[in-house]
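Residue numbers for the sequence shown follow the numbering used here, so the first one is 18 and each next one is one higher. From the three backbone atoms N, C-alpha and C, an ideal C-beta is built for every residue, glycine too. Computed from a prediction, not measured in an experiment: that's the story for all the values here. Everything below concerns the one structure shown next.
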Amino acid sequence: MNKKIIVTSSLAITALMFASPVFAASADVTKIETFIKSIIQILVTLAGLISAGFFVWGGVGYITSSGNPETLDRSKKTIMYSAIGLAVVLGAFVLTNIISDLATGAFGATQ
Numbered sequence: 018m019n020k021k022i023i024v025t026s027s028l029a030i031t032a033l034m035f036a037s038p039v040f041a042a043s044a045d046v047t048k049i050e051t052f053i054k055s056i057i058q059i060l061v062t063l064a065g066l067i068s069a070g071f072f073v074w075g076g077v078g079y080i081t082s083s084g085n086p087e088t089l090d091r092s093k094k095t096i097m098y099s100a101i102g103l104a105v106v107l108g109a110f111v112l113t114n115i116i117s118d119l120a121t122g123a124f125g126a127t128q
């Protein structure tokens with residue numbers, strides 16, 4: 018028991034010795050368009066992660082179905098619906114970016 022405490026403490030102290038400061042980036046939200054784009058990017062990222070999780074869930078169910086047709090069918094539907102959901106989210110993301118660029122006049126602009 019004491020050996021575990023000593024090892025854990027020494028690892029924690031070593032990790033704290035090599036800590037470096039982290040400087041936060043400035044908040045670059047000056048316009049409502051930037052704020053909305055940031056929220057949409059966060060939501061798309063979360064939706065992508067959730068879709069990937071359901072895709073893995075369906076894949077594991079497919080592998081472990083052991084020939085059970087009901088479980089196999091349910092896993093296939095999970096994979097299909099997660100792919101459809103991801104396609105819908107990505108399509109909405111592309112559409113909102115195009116609309117945002119058209120509204121702000123940045124579509125096709127060169128600098």
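Select from Ser37, Ile53, Gly75 and Phe71 the residue whose C-alpha is nearest the C-alpha of Leu89.
For the residues Ser37, Ile53, Gly75 and Phe71, the minimum Cα distance to Leu89 belongs to Gly75.
Completely contained alpha helix (DSSP H) runs for the segment 23-109, where each covers 4 or more residues:
Listed in chain order, they are 49-80.
Return the residue from the list Ser117, Val77 and Gly70 that minimises the CA-CA distance to Leu103.
Answer by Cα proximity: Gly70.
Is the distance from the Cβ of Ser83 to the Cβ of Ser92 below 9 Å?
Ser83 is not a Cβ neighbour of Ser92, given a cutoff of 9 Å.
If I'm right that Ser68 touches Ser99 with Cβ under 8 Å, what's the distance once you round it to whole angstroms?
That belief holds up - the Cβ atoms of Ser68 and Ser99 are roughly 5 Å apart, short of 8 Å.
Beta-carbon separation (whole angstroms), Ile59 vs Phe110, contact threshold 8 Å:
The pair is not a contact, with the Cβ atoms about 11 Å apart (cut-off 8 Å).
Taking Cβ positions, are Gly65 and Leu112 nearer each other than 9 Å?
No, the pair does not count as a contact, with Cβ atoms beyond the cut-off.
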